[in-house]
Structure formats: structure tokens, C-alpha cells
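Peer 1: Before I ask anything, here is the structure I am working with.
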Ligand code: HEM
């Protein structure tokens, strides 16, 4: 359900506000499983990341999104996750069926928001990964900042969201897409850390 009290905010701010609870729930669920306790635990986290980024790979190839988001294709982290799996001698655990992504541009933008925003939290996660001897050159490549850093690509992404000129109905679909993406990752986290 859309929170009408956020209607006056730019879309990027609305997204943050309206998905805050979902983010906190996910963050809590993941950290409760102590993903950086050992490389074995980290492997479960990496499997979850692999499944999600495989789910959303089509977004990075969508020409409609590419026309709005600068450097879209180079933002995709799937190949880095696959290198991380290789580094650690892991076989892909992404055996589940992927999600059926909506074809609606606004909904897709919401899913992309969740993936792109997760690069901010990754600044914290890569520090934890370093304690396991992992980093941007080995095992935790996908948590590394891009060569431009984290702030600039995030600001360009937010500007793309806010500049897309979505009407109210489209904005609601962006938010619904982000909520659905967080739900998907929550499910993947539950599955990954179920044992
Ligand atoms: C595993 C534990 C996680 C922690 C500790 C964490 C932590 C954080 C932190 C500290 C920020 C804010 C950074 C800043 O404003 O500079 C952030 C932002 C964000 N994170 Fe996470 N995160 C985690 C997992 C995830 C996951 C798995 C996803 C989605 C796949 C995600 C999606 C996001 C999004 C979308 C934002 C941007 C919010 C906004 O400013 O609009 N996070 N995270």
C-alpha cells in the first residue's frame, strides 16, 4: 500500500522511505545468520546474491532503462559474483527458478533501485568480508565500489529516477516493484540461511 504522506517527495526519497522497513528486515535477517562468521557462511550469502543478480540481469539489458540510466550495462554485477564463486571454488547454488520479471518499465525501475541501492550497504559488507581475507580482488569483487566510487553512480541513478518524469500511477508501480524486489531477496535469504 502506497504511503500518501510521501507523495510530495522526489521518487528517490519516497523509495527509501517506503522500503525502509523491508530493508531493515532483510538486513536483520542476513546479519542474524552471521554471513561473515566464516567462508562457509559467506558462501551462503554469495549464493543468495547470485540468485538475485541472475534474476535481475535482464534489467541491465533493457534498452528502455538504458536510455534513462547512465552506464546501465556496466552496473551489472552478475559476472563479478560469478568470479567470486570461482575464486572460492564454489559451484553456483542458483538452482531455483528465476522470477518472472514484469515487462512494465516503472516496475522494472523499482527492482533496479533495490539492486543499485545495495551498493551503498556493500561499503560496510566489504569491510566485514576483509576479515575473511576477501576483497575486491578475491571473493568479494561484487561488493567493491566501482572505479568512480559509490556516491557518484548512486547520485546519477537517483537523478535518473527523479528525472524520469513518472506520473503518480507510474511512481506507485516503481514503489511496488521495489517492494517486490525486497520480498524476493527476503525469500532468497530465508532459503539460503534456512539450515
Ligand atoms: C546484509 C546486510 C545489509 C546491510 C548491513 C545494509 C546496509 C545498508 C546501509 C548502511 C545503507 C545506507 C548507506 C548510505 O546511505 O550511505 C544501505 C542502503 C541500501 N541498501 Fe542495504 N544493507 C544490507 C543488505 C542489503 C540488501 C541485500 C539489499 C538489496 C538486495 C539492500 C538494498 C539497499 C538499498 C536499496 C539501499 C538504498 C537506500 C536509499 O538510500 O534509497 N541492502 N544498506
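Residue numbers (this note's numbering): 876 to 1070.
A virtual CB, placed ideally from N, CA and C, is assigned to each residue, including glycine.
If you reduce the DSSP assignment to three classes, tell me which class residue 887 lands in.
Peer 2: As a first step, residue 887 must be located in the chain shown, where it is residue number 12. Residue 887 falls in the helix class under three-state DSSP.
Peer 1: Evaluate residue 1078 with the Cβ neighbour count: other Cβ atoms within 10 Å of its Cβ, from every protein chain shown; 16 or more gives buried, anything less gives exposed.
Peer 2: The first residue shown for the chain is 876 and the last is 1070, placing residue 1078 beyond what the model contains.
Peer 1: In three-state DSSP terms, what is residue 954?
Peer 2: Sequence index remark: in the chain shown, residue 954 carries index 79 (1-based). If DSSP states are grouped into helix, strand and coil, residue 954 belongs with the helices.
Peer 1: Return the chain-ordered ranges of every alpha helix (DSSP H) run that is complete within the segment 961–1017 and spans a minimum of 4 residues.
Peer 2: Counting whole runs of 4 or more residues, the segment 961–1017 contains the alpha helix (DSSP H) stretches 980–1005.
Peer 1: Within 10 Å of its beta-carbon, does residue 912 have 16 or more other beta-carbons around it, so buried, or fewer, so exposed?
Peer 2: Taking the chain shown and counting its residues from 1, the one referred to as residue 912 is at position 37. Residue 912 should be labelled exposed.
Peer 1: Can you name the start and end residues of the alpha helix (DSSP H) that residue 902 belongs to?
Peer 2: Within the chain shown, residue 902 is the residue found at index 27, counting from 1. Residue 902 -> alpha helix (DSSP H) spans 895–907.
Peer 1: At the level of alpha carbons, what is the spacing between residue 988 and residue 949?
Peer 2: Counting from 1 along the chain shown, the entry for residue 988 is found at position 113. Counting from 1 along the chain shown, the entry for residue 949 is found at position 74. Between residue 988 and residue 949, the C-alpha separation is close to 15 Å.
Peer 1: In chain order, what residues of the same chain have a beta carbon less than 8 Å from the beta carbon of residue 985, not counting five sequence neighbours either side?
Peer 2: Position 110 of the chain shown, counted from the first residue, corresponds to residue 985. Excluding sequence neighbours, residue 985 sits near 890, 1048, 1049, 1050, 1051, 1052, 1053, 1054, 1055, 1056.
Peer 1: Do residue 932 and residue 953 count as a contact pair if the criterion is CB distance below 8 Å?
Peer 2: Here residue 953 refers to the residue found at position 78 of the chain shown. Here residue 932 refers to the residue found at position 57 of the chain shown. Yes, the Cβ-Cβ distance between residue 953 and residue 932 is below 8 Å.
Peer 1: Considering only residues of the same chain and omitting the five flanking positions on each side of residue 1038, which have a CB-CB separation below 6 Å?
Peer 2: Counted from its first residue, the chain shown places residue 1038 at position 163. Around residue 1038: no qualifying Cβ.
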